[in-house]
Amino acid sequence: NTINTALIAAAEEGHYDIVQLLLNNGANQSTRNNSGETALAVAARKGYDNIVQLLSEEPHQNITTHRSIFDLLI
């Protein structure tokens with residue numbers, strides 16, 4: 001089971017307004033779920049271009065999807 005933050009869960013379900021609300025209230029978009037994905041990575045994987053755009057406009061976004069180089073080897 002994947003454990004997500006509220007921001008990642010909203011991004012995964014395509015809830016643009018909730019993602020925007022969470023960002024406006026200080027949600028940390030650099031936080032990763034236990035699969036190593038950020039909200040931006042999840043939104044991109046799911047094809048939610050509007051959420052990807054919103055998250056990309058925020059400063060300090062983390063665009064990597066893996067916690068370390070070793071995750072790429074598995």
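Numbers 1 to 74, taken from the UniProt record's numbering, label the letters of the sequence shown in order. Glycine residues also receive a C-beta, built at the ideal position from the N, C-alpha and C atoms.
**Prompt:** For ASN34 versus ILE8, is the C-beta distance shorter than 8 Å?
**Reply:** Not a contact, by the Cβ cut-off of 8 Å.
**Prompt:** Could you check where the alpha helix (DSSP H) with ARG32 kicks off and where it finishes?
**Reply:** ARG32 -> no alpha helix (DSSP H), and no H or E assigned at all.
**Message:** Please state whether the Cβ-Cβ distance between ALA27 and ALA6 is less than 8 Å.
**Reply:** Remark: C-beta atoms of ALA27 and ALA6 approach each other more closely than 8 Å.
**Request:** Can you give me the Cβ contacts of ALA10 inside the same chain, cut-off strictly under 6 Å, excluding the 5 residues immediately before and after it?
**Result:** ILE18, VAL19, listed in sequence order.
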